[in-house]
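Below: one structure, written as structure tokens.
There are 4 protein chains.
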Amino acid sequence: MSGIPNGAIPVLNAGFVRLVDTMGNDMSVVRSARVSYGKESKGEEADQKLINYLMEHSHHTPFEHLNFTFHIRCPLFIARQWMRHRIGSFNEISLRYTNYGDEDFWHPTEWRTNNKHNGQSSGEVDWGAEGSLPFDYCLHDTYRDIDKAYKYLIDSGVAREQARAILPMGSYTEFYWSVNARSLFNFLKLRMYESAQKEMQDYAHAVYALVQDMAPWTFEAFENHMM
Amino acid sequence: MSGIPNGAIPVLNAGFVRLVDTMGNDMSVVRSARVSYGKESKGEEADQKLINYLMEHSHHTPFEHLNFTFHIRCPLFIARQWMRHRIGSFNEISLRYTNYGDEDFWHPTEWRTNNKHNGQSSGEVDWGAEGSLPFDYCLHDTYRDIDKAYKYLIDSGVAREQARAILPMGSYTEFYWSVNARSLFNFLKLRMYESAQKEMQDYAHAVYALVQDMAPWTFEAFENHMM
Amino acid sequence: MSGIPNGAIPVLNAGFVRLVDTMGNDMSVVRSARVSYGKESKGEEADQKLINYLMEHSHHTPFEHLNFTFHIRCPLFIARQWMRHRIGSFNEISLRYTNYGDEDFWHPTEWRTNNKHNGQSSGEVDWGAEGSLPFDYCLHDTYRDIDKAYKYLIDSGVAREQARAILPMGSYTEFYWSVNARSLFNFLKLRMYESAQKEMQDYAHAVYALVQDMAPWTFEAFENHMM
Amino acid sequence: MSGIPNGAIPVLNAGFVRLVDTMGNDMSVVRSARVSYGKESKGEEADQKLINYLMEHSHHTPFEHLNFTFHIRCPLFIARQWMRHRIGSFNEISLRYTNYGDEDFWHPTEWRTNNKHNGQSSGEVDWGAEGSLPFDYCLHDTYRDIDKAYKYLIDSGVAREQARAILPMGSYTEFYWSVNARSLFNFLKLRMYESAQKEMQDYAHAVYALVQDMAPWTFEAFENHMM
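Chains as they are written, first to last, in my numbering: chain A, 1 to 227; chain B, 228 to 454; chain C, 455 to 681; chain D, 682 to 908.
See the structure below:
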């Protein structure tokens with residue numbers, strides 16, 4: 001379960017986002033908004049203007065004809081947030097079948113502290129003379145204990161579905177996600193926003209980087225009117 | 228609003244179904260079920276067997292990564308049934324903007340009678356010496372009256388959104404429909420079935436004819452296990 | 455299919471909206487947002503403040519635990535718009551079984567004209583010396599022709615599912631609609647808005663009048679932040 | 682976050698399912714299927730027969746007017762399966778705000794082994810002379826290590842959203858769930874089934890026990906035709 005596939009954008013220490021498939025482009029939005037065949041375009045300027053108009057006035061249904069499939073590798077605490085988005089399709093690897101190695105856990109590149117103002121967001125911090133090294137030790141050490149215990153249970157014949165109870169939320173998982181552009185707007189708006197967990201923002205930005213060129217007018221309009 | 232576009236399948240006297248766009252094929256199902264990259268196929272036999280297994284055991288989520296966009300022209304009484312399918316995306320032409328010509332109405336090729344057994348389905352019938360010609364006269368005549376009245380109201384300056392109240396359910400409309408294969412199975416199962424209205428069956432069969440070759444193993448499995 | 459049931463709000467010439475059932479109230483929103491049991495309320499002021507906060511910051515999921523069932527009678531051209539709202543449940547009377555009387559059609563109380571500015575909305579108008587009476591004659595007359603033709607086809611044994619092709623969009627239908635408050639907000643926002651067809655607005659206002667008292671803090675917050 | 686609220690059914694070592702609210706009963710199904718007001722019932726026998734007919738012929742929409750809200754406490758590995766059901770509403774407690782005590786983790790009452798036949802389900806097992814006691818030790822010990830590390834990170838000022846990466850899948854969470862009967866049928870069918878993880882089955886059975894009496898004809902028909 002390791003390695004970054006070709007064309008994927010690496011995220012965090014061992015995750016990635018990969019664009020697997022797409023349906024449509026800016027013209028799919030234009031075409032379905034006009035429900036016309038034959039001469040579908042009214043010229044570049046008129047077409048782009050229509051897309052802007054639809055976005056500005058929250059006429060979002062034409063954007064549902066634009067679709068994407070992604071392949072994602074992320075920690076469970078990220079996957080749990082992701083799968084709360086109900087308009088879309090998920091297929092996740094079954095943890096009941098996976099063998100965990102000790103590289104299959106999330107490690108941060110920087111440790112943050114709770115934001116004093118709202119208790120939720122977290123910001124950069126001066127960790128004092130010692131720095132944040134002790135936290136790395138703590139994390140590594142705990143993951144190692146967990147991994148050892150998990151392997152002991154599995155090797156003793158305990159069912160995976162029970163043994164996984166000790167696997168941490170920092171374990172990586174993988175899934176396929178198909179979503180239309182309208183539902184994607186909602187995801188990006190919530191998850192690229194500064195109040196989202198920093199690690200979630202990293203994934204949302206990777207997703208966004210992969211789709212922007214697929215429908216440039218659409219995502220320009222999205223940035224102008226929804227972000 | 229007339230004419231059959233290239234590649235479209237004609238349905239009824241003036242309708243059609245056209246496949247506009249697709250995302251994925253049989254391998255999209257296989258890939259998302261296995262959530263693997265790199266060597267995605269395990270050989271044709273194993274791949275097809277997997278698709279069959281998923282269908283047989285009602286593991287339908289991998290089929291959601293297979294998507295289609297259709298362009299449809301059908302009478303309003305058909306569109307109303309179609310749009311009851313909530314898992315999917317619709318963009319319909321606005322009747323508030325359309326000018327109706329007298330070819331924009333549905334005419335049957337044969338008249339059926341109520342089925343005596345359940346009062347719902349309808350079957351072929353012997354209409355006696357006179358045949359069903361009087362029904363054609365009745366239909367044409369009523370459409371002509373309606374069309375004349377509609378034009379009178381519009382020409383007098385009445386708002387289209389009010390004038391359309393007299394337009395008949397047999398008026399043709401057009402829409403774009405995007406749907407994933409799982410939701411499409413449900414549509415096809417209900418609408419190709421013999422208890423569906425014959426005109427609806429005709430549309431469902433046209434839809435099916437357009438997608439079958441896009442994912443042959445998937446639709447073969449669909450026929451074997453869901454129909 | 456006529457008559458206005460007890461407790462229903464009459465709409466248009468022969469329609470109504472009736473509240474059949476509800477689940478929850480303001481406290482359902484508070485409770486699910488806090489996911490607490492035992493002492494669920496933190497006092498009226500704090501509870502109302504929480505509801506306002508959720509609405510203002512678009513945290514709409516807690517409002518999904520508040521549910522309503524309505525019984526509606528409306529013209530088909532209204533029902534068609536209504537059923538485009540996919541998050542909700544509809545059960546409609548089958549036109550295949552219904553006998554139409556000549557009171558079962560929509561008649562306007564006033565005729566509007568197309569708005570010159572956007573071609574869509576319509577406004578009040580001075581119809582000149584003759585007034586709008588000719589439009590009433592035209593409408594009545596056309597409905598009568600249609601009704602006569604429909605009855606002729608039915609009496610001759612033609613299947614209802616074919617005969618209904620000549621029934622006008624102004625025919626009344628009935629349906630049950632269950633919807634959660636979050637999806638209802640979206641409906642109300644779109645359909646009470648001035649750009650919606652006037653007849654649709656009338657229905658949306660009737661729906662709103664029936665729910666407001668069921669969750670007064672919720673709908674006050676809705677008005678302040680979403681309308 | 683501990684204690685079992687009144688009326689809740691305890692599940693596993695520290696979980697529960699509680700029925701918070703309901704909308705409708707058997708008559709809601711009957712009424713919406715008939716879309717009638719006034720004399721809604723046609724007698725007990727006819728009403729129950731209708732419910733059976735709807736279920737047998739997969740006419741499931743009338744069951745969507747029957748709704749339930751549950752309050753659930755379960756381990757994260759169960760919650761993750763639960764929230765894959767997209768037709769329904771979830772509000773979960775935020776782990777970012779919760780303090781974990783050492784009773785907030787799942788402990789099994791019996792250990793199972795992997796089923797040899799399909800590698801997924803798991804069955805009872807003879808664990809030899811030593812029994813399964815060593816697994817209990819292993820689990821307790823690992824939970825204690827995790828809890829200690831989590832508290833160390835939190836006390837040092839590390840953001841909860843990062844520290845939670847070491848929390849195990851066996852941690853309990855709480856959520857509210859609103860769902861209509863049709864979507865509930867699907868949940869129960871999948872999760873009460875013998876191929877589901879035993880701990881998941883326990884929750885599904887608790888859910889079922891709470892709703893059965895709310896709509897006895899409906900759930901009797903469900904058992905006869907869907908299980």
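No residue lacks a Cβ here, since even glycine has one placed at the ideal position from N, Cα and C.
Remember, it's a predicted structure, so these values are computed and weren't measured experimentally.
- Note on geometry: alpha-carbon atoms of residue 613(C) and residue 284(B) lie some 39 Å from one another.
- The Cβ atoms of residue 126(A) and residue 172(A) do not sit closer than 9 Å to each other.
- Residue 775(D) sits in coil when the DSSP states are folded into three classes, being neither helix nor strand.
- Under a 10 Å Cβ-count criterion, residue 563(C) is classified as exposed, with fewer than 16 other Cβ atoms of the shown protein chains found around its own Cβ.
- Looking at the backbone, the Cα of residue 843(D) and that of residue 267(B) are separated by about 34 Å.
- Per DSSP, the beta bridge partners of residue 236(B) are 244(B).
- Within its own chain, the residues whose Cβ lies closer than 8 Å to the Cβ of residue 670(C), once the five positions on either side in sequence are excluded, are 480, listed in chain order.
- The beta carbon of residue 409(B) is closer than 6 Å to those of 287, 290 and 291 in its chain, skipping five residues each way along the sequence.
- Residue burial is scored here from C-beta neighbours: residue 230(B) has fewer than 16 other C-beta atoms within 10 angstroms and is therefore classed as exposed.
- In this structure the region 653 to 667 of chain C touches the region 526 to 537 of chain C; the number of beta carbon pairs closer than 8 Å is three or more.
- Contact between the region 537 to 549 of chain C and the region 460 to 476 of chain C is absent: fewer than 3 CB-CB pairs across the two stretches fall below 8 Å.
- The C-alpha of residue 208(A) is placed about 14 Å away from the C-alpha of residue 226(A).
- The three-state secondary structure of residue 401(B), taken from DSSP, is strand.
- Runs of the alpha helix (DSSP H) spanning 4 or more residues and lying entirely within the region 810 to 884 of chain D occur at 814 to 836, 841 to 844 and 862 to 872, in chain order.
- Using a CB distance cut-off of 9 Å, residue 613(C) counts as an interface residue toward chain B.
- Considering only beta carbons, the part of the region 145 to 156 of chain A lying closer than 8 Å to chain D consists of 145, 146, 149, 152, 153 and 156, in chain order.
- DSSP places residue 218(A) in the helix class (H, G or I) of the three-state scheme.
- Sorting 114(A), 93(A) and 188(A) by C-alpha distance to the C-alpha of residue 263(B) places 93(A) at the top.
- For residue 22(A), the three-state secondary structure derived from DSSP is strand.
- The residue among 698(D), 904(D) and 830(D) with its C-alpha nearest the C-alpha of residue 168(A) is 830(D).
- Annotation: the continuous beta strand (DSSP E) that includes residue 524(C) extends over 521 to 529.
- The beta carbons of residue 176(A) and residue 259(B) sit about 4 Å from each other, so the pair counts as a contact at 8 Å.
- Taking 9 Å as the cut-off, the beta carbon of residue 472(C) is found no closer than this to the beta carbon of residue 638(C).
- Taking all protein chains in view, the Cβ of residue 851(D) is crowded by 16 or more other Cβ atoms within 10 Å, so the residue is classified as buried.
- Residues of chain B whose Cβ lies closer than 9 Å to the Cβ of residue 515(C) do not exist, since the nearest Cβ in that chain is about 19 Å away.
- Collapsing the DSSP output to three states places residue 563(C) in coil.
- Membership of residue 501(C) in the alpha helix (DSSP H) is indicated by the continuous run 498 to 510.
- From the beta-carbon of residue 175(A), no residue of chain D is found nearer than 9 Å; the closest lies around 11 Å away.
- Residue 268(B) is outside the set of residues whose beta carbon lies under 9 Å from a beta carbon in chain A.
- In this structure, residue 188(A) and residue 196(A) do not form a Cβ contact; the two beta carbons are roughly 10 Å apart against a cut-off of 8 Å.
- When C-beta distances to chain B are compared with 9 Å, the residues of the region 6 to 39 of chain A below that value are 6, 8, 18, 20, 21, 22, 23, 24, 28, 31, 32, 33, 34, 35, 36, 37 and 38, in chain order.
- The C-beta distance from residue 310(B) to residue 448(B) rounds to 27 Å, too long to fall under 8 Å, and the pair is not in contact.
- For residue 90(A), at least one C-beta of chain B is nearer than 9 Å to its own C-beta.
- Put simply, of 30(A), 10(A), 131(A) and 15(A) the residue whose alpha carbon is nearest the alpha carbon of residue 838(D) is 131(A).
- In terms of Cα proximity to residue 817(D), the closest of 899(D), 788(D) and 793(D) is 788(D).
- For residue 69(A), a Cβ of chain B is located within less than 9 Å of the residue's own Cβ.
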